[in-house]
Amino acid sequence: MSGQMPAAMSAGHTGWALDPARSHVAFVTIKSKDVAEAHSFADVAGSVDTDGKATVVLMLDSVETLVPIRNERMRELLFQTTNYGDAALTARIDPALLAGLRTGDIEAVAAEGQLLLHGQTQPVVLDMQVARVADDTLMVASRKPLLIEAADFGMADGVERLREIAGLDSISHAVPVSFVLTFVGIAD
1 MSGQMPAAMS
11 AGHTGWALDP
21 ARSHVAFVTI
31 KSKDVAEAHS
41 FADVAGSVDT
51 DGKATVVLML
61 DSVETLVPIR
71 NERMRELLFQ
81 TTNYGDAALT
91 ARIDPALLAG
101 LRTGDIEAVA
111 AEGQLLLHGQ
121 TQPVVLDMQV
131 ARVADDTLMV
141 ASRKPLLIEA
151 ADFGMADGVE
161 RLREIAGLDS
171 ISHAVPVSFV
181 LTFVGIAD
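Residue numbers (UniProt numbering): 1 to 188.
Here's what the structure looks like:
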């Protein structure tokens, strides 16, 4: 290893900070067999360091379903935010790929990572698209949704409690999550 920083970092950037105002994380739930509803998280933070380690943190209290009582029930019964306030995703993106992107370039990226949710850590594979939209701005978006299985994170009982309290026949335990994340270069 030469010890040189990738070009994107040496050109005035020491990493990338997530811009929450230009980032969005959404998920879809399916209830009663065929009723799909889209939800999101209002509060997301993250960064990418000079080694390409990406970290994205969702504040679970910020879940937005457009139904206040459902927001409350998800926080209390599903996410149990008094015990598990956030979810954290970590992955590594090749820093040479980031350094080689010029404004307007778009690259497909597959990355292995870890998702910490509800006190459980599970491996994940992310299928993403990374675009350099400006000299100091990267956009990272899911090409395929990340599928989260409630049982993998000890959340199946929470899903069932939601189903019972809402009087529903079913709520899917598998949830697709999609994202569009904007990162801004951190100046030296």
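The C-beta atom is built at its ideal place from N, Cα and C for all residues, glycine as well.
Item                                                                                                 : Value
Whole-angstrom distance between residue 188 and residue 173, CA atom to CA atom                      : 45 Å
Reduced DSSP category for residue 6 - H, G, I as helix; E, B as strand; rest coil                    : Bear in mind that the predicted position of residue 6 carries a pLDDT of just 39, short of 50, making it unreliable; the figure below should be weighed with that in mind. Residue 6 falls in the coil class under three-state DSSP.
Cβ contact (3+ pairs, closer than 8 Å) linking the stretch 152–166 and the stretch 67–79             : yes
Beta-bridge pairing of residue 193 - partner residues as DSSP gives them                             : Nothing about residue 193 can be read from this structure; the chain reaches only from 1 to 188.
Cβ-based neighbour list, residue 112, same chain, cut-off 6 Å, excluding 5 preceding and 5 following : 125
Span of the alpha helix (DSSP H) around residue 42                                                   : From DSSP, residue 42 is part of no alpha helix (DSSP H); its letter is neither H nor E.
Backbone CA spacing between residue 28 and residue 114 [nearest angstrom]                            : 21 Å
Three-state class that DSSP yields for residue 67 in the structure shown                             : coil
Cβ-Cβ distance between residue 62 and residue 43 below 7 Å                                           : yes
Run of the beta strand (DSSP E) containing residue 138, from where it starts to where it stops       : 137–142
Contact under 7 Å by Cβ, residue 100 with residue 49                                                 : no
Euclidean distance between Cα positions of residue 104 and residue 38                                : 30 Å
Opening and closing residue of the beta strand (DSSP E) in which residue 123 lies                    : 120–134
Residues near residue 120 in its chain [Cβ-Cβ closer than 8 Å; skip 5 each side]                     : 152, 153 and 154
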